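Enquirer: This is the structure I have questions about; it appears just below.
2 protein chains.
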Amino acid sequence: MVSQRGEGETTTTPAEAADKERARAIPEAAVARLAVYLRVLSGMAESGVTAVSSEELSQAAGVNAAKLRKDLSYIGSYGTRGVGYDVEVLVSHIERILGLTRNHSVAVVGIGNLGHALANYGGFPGRGFPVTALFDVDADLVGIPVGGIPVNHIDEITAICLEREVSIGVIATPPPAAQSVCDRLVSAGVQCILNFAPVVLQVPDNVEVRKVDLAVEMQILSFHVARRADEAASVSVGNNGLGVDGMVIRP
Amino acid sequence: MVSQRGEGETTTTPAEAADKERARAIPEAAVARLAVYLRVLSGMAESGVTAVSSEELSQAAGVNAAKLRKDLSYIGSYGTRGVGYDVEVLVSHIERILGLTRNHSVAVVGIGNLGHALANYGGFPGRGFPVTALFDVDADLVGIPVGGIPVNHIDEITAICLEREVSIGVIATPPPAAQSVCDRLVSAGVQCILNFAPVVLQVPDNVEVRKVDLAVEMQILSFHVARRADEAASVSVGNNGLGVDGMVIRP
DNA sequence: TACCGCTTGTGAACGCATGCACAAAGTCGG
DNA sequence: CCGACTTTGTGCATGCGTTCACAAGCGGTA
Ligand SMILES: NC(=O)c1ccc[n+]([C@@H]2O[C@H](COP(=O)([O-])OP(=O)(O)OC[C@H]3O[C@@H](n4cnc5c(N)ncnc54)[C@H](O)[C@@H]3O)[C@@H](O)[C@H]2O)c1
Ligand SMILES: NC(=O)c1ccc[n+]([C@@H]2O[C@H](COP(=O)([O-])OP(=O)(O)OC[C@H]3O[C@@H](n4cnc5c(N)ncnc54)[C@H](O)[C@@H]3O)[C@@H](O)[C@H]2O)c1
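Put into structure tokens, the structure is as follows:
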């Protein structure tokens, strides 16, 4: 939509220019939360809710109310004191800041277990991320449609990514293939990569990589179990009976 | 150096007690990285590498060398100055800190696109996370084995989780079902939950939740694309030629 | 219009995490 | 046995992110 990102302050509206400058200053952590607020707000809008206070929204998003207000303040002052926020207004401003005013075409590479799930998932197109290309090295898969999109051979990746203006590449290949797939995506001009393979990817500075590592997530959970078990042990043994139920006594 | 506050020394060995006390102090961010180091180190061990310096390991893990050393220092001093770290030793210490010395049984709830992929994935059991139970509400799925494990009906979740000592529950149901599934997992004694459904789960304090939200990941990538585009525009037009290549000029 | 109560937006303080820089501590060659 | 070289472990400064607390601002009410 709009935002023909023209030049500096001469042709853009003051509001747009202000947004651009602000975008640079938004903390990474706040960006992630803004995406969550957006989802919650979208849900509210669908339910017919038109206004919301920082307290309500923060509850629904599972964060501290002050943090929520600060996060929203990064994108501008669109609330009304004494009242709250207009849901629609907030949605459109967050969408603008997150760059969701245009679609981002997605390519999935590696159509195995995970690739199939991603290709079949209906949740992305509706949120502005249409999956427009699938790639695999396996000749048996090439040509077969998955989730409505036919699989192409990995060797066609450059041509097809350029043609379909892919802006996000998703890597769902086995670990050994990930770096080479990544390199090919990068040389096809893809600047955003979401990596499911448990390997550290090397990319140029102008490419943004985010990784999803399920084994790491589970290990973090495991750490917390262990920590909790230790704490419980300390309380019951170390404090020698002073601690009742699970409460930690010492500060 | 070693942190007081411990009285646990009476029943545990000093080394164990020291670990337990340290575990409490490890920053969350460092825990996530330790899991990455562990994966890299395991790969090195398999390749026959026996020793590694902080510089090498940090390269392989994609982090700053000083940060890596600090992370490792949280779990103790197991390096040799002038030489580096023994791979095996480091692996075993990280595993101990992360609580990986025992297996953590995993249950997957919601055997749809994503649930199938998870159940079929061979990478978890090898890392100490055997998938031991699958649940779905769909009668057509119940009884059918996926990845070698038969699917059970969701109503059996409490009994089976207790019986198989499930410690991690993975939620891969549609969003509306997620909270109720979560509640059932919690009442079955599961204290760790990995949630793929795009909803904020409410849980008691003694339960740890981690979420994987792919739409949020993509939106973060989208934000960076937009920011980059804006910067490019500012530099080429706003600064009126003063900025060459991608460098940001104004602070 | 003037007041009241409510909610936002933000300055300021705090706490956590990162990265630097270097002393301490070890190896290895001679 | 010594001295040069290498690499760890960490004190310290810096920057980022979170939280508190409250003035400013707005709608409603009399
Ligand atoms: N399935 C899961 O639940 C899961 C969980 C965690 C991590 N992962 C990771 O995600 C990745 C994919 O997992 P999966 O279970 O789907 O694996 P999979 O083996 O089922 O699928 C991998 C696919 O990638 C294709 N492929 C291999 N080399 C390729 C290349 N060079 N170019 C293009 N395609 C290529 C294969 O033909 C295959 O279709 C792996 O790295 C895995 O570690 C998967
Ligand atoms: N598939 C993906 O790639 C993907 C990507 C991002 C997010 N997600 C999220 O992951 C979740 C699962 O996605 P999916 O594509 O596998 O969905 P899906 O519809 O294919 O599968 C959902 C499964 O959950 C089962 N189910 C429904 N209610 C249940 C209940 N109360 N108890 C137990 N099982 C129940 C259904 O029978 C079905 O088998 C969704 O929340 C989705 O938003 C999926």
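For the protein sequence lines, the chains are A and B, in the order given. Taking my numbering, the leading residue of the first sequence gets 1, the next gets one more, and so forth. Taking my numbering, the leading residue of the second sequence gets 1001, the next gets one more, and so forth. Here a beta-carbon is modelled for each residue, glycine too, at the ideal position from N, C-alpha and C. Quick caveat, the model's predicted, so the values are computed rather than measured.
1) Compute the minimum distance between the beta carbon of L1034/B and the heavy atoms of ligand 1, and state whether it is under 7 angstroms.
2) Note down, in chain order, every chain B residue with its Cβ under 9 angstroms from the Cβ of E208/A.
3) Do D1213/B and ligand 1 come close, with the Cβ less than 7 angstroms from some heavy atom?
4) Taking the alpha carbon of V1083/B as the point to measure from, which residue in G1112/B, T1050/B, G1076/B has its own alpha carbon closest?
5) Of all the alpha helix (DSSP H) runs that stay within the bounds of the region 90–134 of chain A, which reach a length of 4 or more residues?
6) Taking just the CA atoms, how far does L114/A sit from E1046/B?
7) For T80/A, is the classification buried or exposed, using 16 other Cβ atoms within 10 angstroms of its Cβ as the cut-off for buried?
8) Do we get a CB-CB distance below 8 angstroms when we pair P1198/B with the residues of chain A?
9) Assign R39/A to one of three DSSP states: helix, strand, or coil.
10) Where do the ends of the beta strand (DSSP E) carrying I1168/B lie?
11) Given the structure, does V1169/B come close to ligand 1, in the sense that its CB is under 7 angstroms from one of the ligand's heavy atoms?
12) Judging by CA-CA distance, which residue of A139/A, R127/A, D140/A, V146/A is the nearest neighbour of A133/A?
13) Tell me whether the region 55–63 of chain A and the region 98–116 of chain A touch, counting them as touching only if at least three CB pairs, one residue from each stretch, are closer than 8 angstroms.
14) State the start and end residues of the unbroken alpha helix (DSSP H) segment that holds R210/A.
15) Any Cβ of chain A within less than 8 angstroms of the Cβ of A1051/B?
16) Any idea if T173/A is buried or exposed, counting beta-carbon neighbours within 10 angstroms, 16 or more meaning buried?
17) Closer than 7 angstroms between beta carbons: that is the criterion. Which residues of the region 174–199 of chain A meet it against chain B?
18) Output yes if chain A places a C-beta closer than 8 angstroms to the C-beta of H1104/B; else output no.
19) In the DSSP output, what is C192/A paired with across the bridge?
20) Using CA coordinates, which residue listed in V1089/B, V1209/B, H1104/B, V1052/B is at the minimum distance from C1192/B?
21) Taking 7 angstroms as the cut-off, is the C-beta of S1222/B nearer than that to any heavy atom in ligand 2?
22) Please report the distance separating the alpha-carbon of R982/B from that of A1178/B.
23) Checking contacts by CB at 8 angstroms: is A29/A closer than that to chain B?
24) Who are the neighbours of N256/A on chain B, taking C-beta pairs under 7 angstroms?
25) Give a yes or no on whether 8 angstroms exceeds the smallest Cβ distance from L98/A to chain B.
26) Between S92/A and the rest of its own chain, which residues show a CB-CB distance below 7 angstroms, the 5 nearest in sequence each way excluded?
27) Helix, strand or coil, according to DSSP, for S187/A in the structure here?
28) Of the choices Q1219/B, V1087/B, V1131/B, V1190/B, whose alpha-carbon is the least far from that of G1043/B?
29) Give me the DSSP bridge partner(s) of Y1085/B.
30) Is there a Cβ from chain A that is less than 8 angstroms from the Cβ of R943/B?
31) Do the CB positions of C1161/B and A1188/B come within less than 8 angstroms of each other?
32) Figure out for me which residue from I94/A, M218/A, A119/A, D213/A has the closest Cα to the Cα of S1222/B.
33) Roughly how many angstroms lie between the CA atoms of K67/A and I220/A, to the nearest whole one?
34) Between the C-alpha atoms of D205/A and V1216/B, what's the straight-line distance to the nearest angstrom?
35) Closer than 7 angstroms by beta-carbon distance: list the chain B residues that pair up with L41/A, in chain order.
36) Which residues of chain A have a Cβ atom closer than 9 angstroms to the Cβ of F1124/B, listed in chain order?
Expert: Quick answer:
1) For this step, residue 1034/B is matched to residue 34 along the second sequence. L1034/B: no, Cβ never under 7 angstroms from ligand 1.
2) Within the first sequence, residue 208/A is the residue found at index 208, counting from 1. Chain B residues near E208/A: I1220, L1221, H1224, V1225, R1228.
3) In the second sequence, residue 1213/B corresponds to position 213, counting from 1. It does not: the Cβ of D1213/B is nowhere closer than 7 angstroms to a heavy atom of ligand 1.
4) Here residue 1083/B is taken as the residue at index 83 of the second sequence, counted from 1. Checking every option, the nearest Cα to that of V1083/B belongs to T1050/B.
5) 113–120
6) Residue 1046/B sits at position 46 when you count from the first residue of the second sequence. Residue 114/A sits at position 114 when you count from the first residue of the first sequence. Taking the straight line from one Cα to the other gives about 26 angstroms.
7) Here residue 80/A refers to the residue found at position 80 of the first sequence. Flag for T80/A reads exposed.
8) Within the second sequence, the letter at position 198 stands for residue 1198/B. Output row for P1198/B: interface = yes.
9) Numbered from its first residue, the first sequence carries residue 39/A at position 39. Correct three-state label for R39/A: helix.
10) Taking the second sequence and counting its residues from 1, one reaches residue 1168/B at position 168. 1166–1171 is the extent of the beta strand (DSSP E) around I1168/B.
11) Here residue 1169/B is taken as the residue at index 169 of the second sequence, counted from 1. With the sequence shown as reference, residue 1169/B is identified as Gly, and Val is not the correct amino acid for it. Outside the cutoff, so no.
12) Position 133 of the first sequence, counted from the first residue, corresponds to residue 133/A. Looking at the Cα atoms, V146/A is the closest of the given residues.
13) no
14) What you label residue 210/A is simply residue 210 of the first sequence in a count that begins at 1. No alpha helix (DSSP H) holds R210/A; the beta strand (DSSP E) holding it covers 208–211.
15) Position 51 of the second sequence, counted from the start, is the residue given in the question as residue 1051/B. False, the Cβ-Cβ gap to chain A never drops below 8 angstroms.
16) In the first sequence, residue 173/A corresponds to position 173, counting from 1. Buried, because 16 or more other Cβ atoms sit within 10 Å of the Cβ of T173/A.
17) Q191, C192, L194, P198
18) Taking the second sequence and counting its residues from 1, one reaches residue 1104/B at position 104. Yes, its Cβ sits closer than 8 angstroms to a Cβ of chain A.
19) Sequence index remark: in the first sequence, residue 192/A carries index 192 (1-based). In the DSSP output, where bridge partners are listed per residue, C192/A has I168/A, E208/A.
20) Within the second sequence, the letter at position 192 stands for residue 1192/B. The shortest Cα separation from C1192/B among V1089/B, V1209/B, H1104/B, V1052/B belongs to V1209/B.
21) As a position in the second sequence, residue 1222/B is number 222, starting the count at 1. Incorrect: S1222/B has no Cβ contact closer than 7 angstroms to ligand 2.
22) Since the first residue of chain B shown is 1001 and the last is 1251, residue 982/B is not available in this structure.
23) Position 29 of the first sequence holds residue 29/A. Output row for A29/A: interface = no.
24) In the structure as shown, chain A begins at 1 and stops at 251. Residue 256/A is therefore absent and cannot be evaluated.
25) For this step, residue 98/A is matched to residue 98 along the first sequence. Interface residue, yes.
26) If you number the first sequence from 1, residue 92/A lands on position 92. Result list for S92/A: empty, nothing under 7 angstroms.
27) The sequence position of residue 187/A within the first sequence is 187, counting from 1. DSSP places S187/A in helix when its eight states are reduced to three.
28) Start at 1 with the first residue of the second sequence, and residue 1043/B comes out as number 43. Nearest of Q1219/B, V1087/B, V1131/B, V1190/B to G1043/B, Cα basis: V1087/B.
29) Residue numbering aside, residue 1085/B sits at position 85 when the second sequence is read from its first letter. For Y1085/B, which the question treats as bridged, DSSP gives the partners V1052/B, G1079/B.
30) This structure cannot speak to residue 943/B, because chain B is shown only from 1001 to 1251.
31) Position 161 of the second sequence holds residue 1161/B. Position 188 of the second sequence holds residue 1188/B. A contact, by the Cβ cut-off of 8 angstroms.
32) On the second sequence, residue 1222/B is found 222 positions in, with the first residue counted as 1. Selected option, being the one with the closest Cα: I94/A.
33) The residue labelled residue 67/A in the question sits at position 67 within the first sequence. The residue labelled residue 220/A in the question sits at position 220 within the first sequence. Their Cα atoms are separated by approximately 25 angstroms.
34) Along the first sequence, one-based indexing puts residue 205/A at 205. Along the second sequence, one-based indexing puts residue 1216/B at 216. Looking at the two C-alpha atoms, the distance is approximately 22 angstroms.
35) Counting from one through the first sequence, the residue named residue 41/A turns up at place 41. Those within 7 angstroms of L41/A in chain B number zero; the least Cβ separation is about 13 angstroms.
36) Position 124 of the second sequence holds residue 1124/B. Going along chain A in sequence order, the residues near F1124/B (Cβ under 9 angstroms) are L214, A215, M218.
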